[in-house]
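In what follows, a single structure is set out as structure tokens and then discussed.
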Amino acid sequence: MDVQPTRMELIKLRRRIAMAKKGHALLKMKRDGLIMEFRTILEDAKRVIDEMVQRYREAQEKLALAMAADGVVAVKSIALSVDKEPSFTLKRKNIMGVVVPVIKREVVRKSVAERNYGVIGTTARIDEAVEAYEALIDAILEVAEIETTLKRLIEEIERTKRRVNALEFRVIPSMEDAARYITFKLEEMDRENIIRLKKIKGKKEKAEA
Amino acid sequence: MKKLAIIGDPEFNLGFRLAGVRDIFDVVSDEELVQTVEKVLESEDIGVAVIKHEFLKKLPLALKRAVDESVEPTFVAVGAEGGAEEIREKIRKAIGVDLWK
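Chains A and B, in that order, give the protein sequences. Under this note's numbering, the first residue of the first sequence carries the number 1, and numbering increases by one thereafter. Under this note's numbering, the first residue of the second sequence carries the number 1001, and numbering increases by one thereafter.
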């Protein structure tokens, strides 16, 4: 161990140990808080992702049907005429130091009249496919928010956990070892000193006698 | 106002075109995929990027990590199973218990 066995060093070490312990307690609380947050979001995430997958399947099915019945070219040409983009705003939120996106959805769905293609020239199958895809986008935006939040939280939990463990099993014990070493060394030096004084005293008495 | 981007093969993208999304990237080859993802990552006005689940799995590791960590744009994997499997694996690794289902 490469520490100077001095009183100053011991005082410094004790201070650092106290601080490390405080940090450890705080991090532990942070970890528990994150896990609690995580568990509430997890339920939502499961539901939302399942929903999205289901909507994706539906949308694909309807699109395939439209393409089969009306022809790929018709579907593609209609796709070109739709020009109302789905819009949303993205903000950032901070959960215990984790930056997560918050997505505000605005009208993703449009009424038939708002879509820029003629109702007469197209069929209900295409309308349905468009509608299904609009619903899918809605679901995707919801997933985007929740899934990213969840991923971010998992990462943060892992990192916090690692730090808690490092403090608990490595940093604090090694500092405590060093502190113990210094106390023993200081005691040893004290004893040496006493013996030395006694010897000197003995020699002095001998000389005087 | 942020935009939605779609990365996928032409077939995957057609439906999104129908819904009015304009920032759509048709990707056919793997090199194109990498280039497109990099471009989307750097883009200022794209808020959410939808990527086909199979494509996400194909990305090189470093890029995949960048995609995972990016908040703006946020990437969402869409496909027959969604990103559920990866999240499940991550949860298992981070918490030590499979909390998913």
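Positions of the beta carbon are idealized from the N, C-alpha and C atoms, including for glycine.
Practice task
Determine, using beta carbons only, whether L1004 of chain B and V75 of chain A come nearer to each other than 8 Å.
Solution key: no
Handout entry: the region 1026-1040 of chain B touching the region 189-204 of chain A, judged by at least three CB pairs closer than 8 Å
Key = no
Practice task
Please list the partners that V130 of chain A has in chain B, where partner means a Cβ-to-Cβ separation under 7 Å.
Solution key: L1018 and A1019
Handout entry: Proximity test, Cβ basis, 8 Å: K30 of chain A and chain B
Key = no
Practice task
Determine, using beta carbons only, whether A1066 of chain B and L1041 of chain B come nearer to each other than 8 Å.
Solution key: yes
Practice task
Starting from the beta carbon of T89 of chain A, find every residue of chain B whose beta carbon is closer than 9 Å, and list them in chain order.
Solution key: M1001, K1002 and G1047
Problem - chain B within 8 Å of R92 of chain A, Cβ atoms only - result: yes
Exercise for the section: Give a yes or no on whether 8 Å exceeds the smallest Cβ distance from A210 of chain A to chain B. Expected result: This structure cannot speak to residue 210 of chain A, because chain A is shown only from 1 to 209.
Handout entry: Whole-Å CB distance - V99 of chain A paired with E145 of chain A, under 8 Å assumed
Key = At roughly 13 Å, the Cβ-Cβ gap does not stay under 8 Å, so V99 of chain A and E145 of chain A are not in contact.
Exercise for the section: Work out the CA separation of F184 of chain A and R7 of chain A for me, nearest whole Å. Expected result: 11 Å
Exercise for the section: Give me whichever residues DSSP pairs with R39 of chain A in a beta bridge. Expected result: Per DSSP, none; premise fails for R39 of chain A.
Exercise for the section: Taking the CB atoms as reference points, tell me whether K62 of chain A and A132 of chain A lie closer together than 8 Å. Expected result: yes
Handout entry: Listed by chain order, chain B residues near T148 of chain A by CB distance under 7 Å
Key = V1071 and T1074
Practice task
Express the C-alpha separation of K84 of chain A and V1021 of chain B in angstroms, rounding to a whole number.
Solution key: 8 Å
Handout entry: Rounded C-alpha distance that separates A166 of chain A from T1036 of chain B
Key = 40 Å
Exercise for the section: Determine whether the Cβ of I1095 of chain B lies closer than 8 Å to any Cβ atom of chain A. Expected result: yes
Problem - Option in A:L13, A:G23 and A:R152 with minimal Cα separation from M96 of chain A - result: A:R152
Problem - Under 8 Å between C-beta atoms of V1034 of chain B and P1060 of chain B - result: yes
Handout entry: Close Cβ partners of R1088 of chain B (< 6 Å) along its chain, the five nearest in sequence each way excluded
Key = W1100
Exercise for the section: Use the C-beta contact count for G1008 of chain B: other C-beta atoms within 10 angstroms, 16 or more gives buried, fewer gives exposed. Expected result: buried
Problem - Same chain, Cβ closer than 8 Å to R249 of chain A, neighbours up to 5 away in sequence not counted - result: For chain A, the structure presents residues 1 to 209; residue 249 of chain A sits outside this window and is missing.
Practice task
Measure the C-alpha to C-alpha separation of F1025 of chain B and P1073 of chain B and round it to an integer number of angstroms.
Solution key: 15 Å
Practice task
Answer yes or no: does any C-beta atom of chain A fall closer than 8 Å to that of V1050 of chain B?
Solution key: yes
Practice task
Would you kindly report the start and end of the unbroken beta strand (DSSP E) that includes E93 of chain A?
Solution key: Note that residue 93 of chain A corresponds to Lys in the displayed sequence, not to Glu. Unbroken beta strand (DSSP E) run through K93 of chain A: F88 to I95.
Practice task
For chain B, find out if any of its Cβ atoms is closer than 8 Å to the Cβ of I95 of chain A; answer yes or no.
Solution key: no
Practice task
Round the Cβ separation of K213 of chain A and R16 of chain A to the nearest angstrom and send it over; I've been treating them as touching at under 8 Å.
Solution key: Because chain A spans 1 through 209 in this model, residue 213 of chain A falls outside it and cannot be assessed.
Handout entry: Contacts that E85 of chain A makes with chain B (C-beta to C-beta distance below 8 Å)
Key = K1003, L1004, G1020, V1021 and R1022
Exercise for the section: Give me whichever residues DSSP pairs with D32 of chain A in a beta bridge. Expected result: According to DSSP, D32 of chain A bridges with nothing at all.
Problem - L1041 of chain B: first and last residue of the uninterrupted alpha helix (DSSP H) it sits in - result: D1030 to E1042
Exercise for the section: Give the residues from the region 1-33 of chain A that approach chain C closer than 7 Å (Cβ to any Cβ), ordered along the chain. Expected result: Judged by its chain identifiers, the structure shown contains no chain C, and its protein chains are A and B.
Exercise for the section: Tell me whether the beta-carbon of K1002 of chain B lies closer than 8 Å to the beta-carbon of I1046 of chain B. Expected result: yes
Problem - For E187 of chain A and M175 of chain A, the rounded distance between their alpha carbons - result: 19 Å
Exercise for the section: Using a Cβ-Cβ cut-off of 8 Å, state whether K1057 of chain B counts as contacting chain A. Expected result: no
Practice task
Output yes or no for whether 8 Å exceeds the beta carbon distance between R55 of chain A and L136 of chain A.
Solution key: yes
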